[in-house]
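This report refers to the structure that appears directly beneath it.
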């Protein structure tokens with residue numbers, strides 16, 4: 001993990017240590033290590049996002065997001081954050097040795113695409 005922070009900060013030890021320190025502090029404050037499937041079950045069962053059982057063809061864990069199942073006003077934003085963090089942690093836990101990336105796939109369709117097109121035009 002230290003190597004990742006060094007590469008991310010172009011091998012500046014001072015900047016890598018600062019970023020790693022901030023990351024550790026955030027993880028402690030958010031409670032990342034204590035998050036469980038039970039903590040996110042209300043959103044997990046919606047199927048809005050999940051980690052696929054299999055790796056992709058490049059050996060990366062796959063995190064699927066079905067945007068049409070995301071209703072921001074229906075659930076608290078903190079619940080959504082917890083689900084995101086839980087699923088990213090779950091995907092990262094499936095990383096094979098020597099791999100550093102997960103594959104994130106968004107399924108966007110229907111009205112959501114039209115709304116996004118209107119926002120972007």
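Residue numbers (the working numbering): 1 to 121. Ideal Cβ positions, reconstructed from N, Cα and C, are used throughout, including at glycine.
Would you tell me roughly how many angstroms separate the C-alpha atoms of residue i and residue j, rounded to the nearest one?
{"i": "residue 59", "j": "residue 94", "result": "10 Å"}
{"i": "residue 120", "j": "residue 109", "result": "Annotation note: pLDDT 49 at residue 120 (below 50); position unreliable, no value reported."}
{"i": "residue 92", "j": "residue 102", "result": "7 Å"}
{"i": "residue 118", "j": "residue 17", "result": "Residue confidence is low: residue 118 scores 47 on pLDDT, short of 50, so the model does not pin down where it sits. Its coordinate-derived value is still stated next. Distance between the alpha carbons of residue 118 and residue 17 is about 42 Å."}
{"i": "residue 3", "j": "residue 105", "result": "26 Å"}
{"i": "residue 76", "j": "residue 70", "result": "12 Å"}
{"i": "residue 67", "j": "residue 10", "result": "34 Å"}
{"i": "residue 19", "j": "residue 33", "result": "19 Å"}
{"i": "residue 15", "j": "residue 22", "result": "11 Å"}
{"i": "residue 41", "j": "residue 107", "result": "21 Å"}
{"i": "residue 97", "j": "residue 8", "result": "19 Å"}
Smallest Cα separation from residue i: which of the options?
{"i": "residue 26", "options": "85, 92, 100", "result": "85"}
{"i": "residue 53", "options": "87, 107, 10, 8", "result": "87"}
{"i": "residue 30", "options": "97, 20, 100, 78", "result": "78"}
{"i": "residue 48", "options": "99, 72, 97", "result": "72"}
{"i": "residue 132", "options": "99, 1, 98, 37", "result": "Because residue 132 is not part of the residues shown, which for the chain are 1 to 121, the question remains open."}
{"i": "residue 99", "options": "57, 38, 13", "result": "57"}
My guess is that residue i and residue j are in contact by the Cβ rule of under 8 Å, so how many angstroms apart are they, rounded?
{"i": "residue 62", "j": "residue 51", "result": "7 Å"}
{"i": "residue 89", "j": "residue 35", "result": "7 Å"}
{"i": "residue 83", "j": "residue 43", "result": "4 Å"}
Looking only at DSSP bridge pairs, what is residue i linked to?
{"i": "residue 66", "result": "107"}
{"i": "residue 51", "result": "63"}
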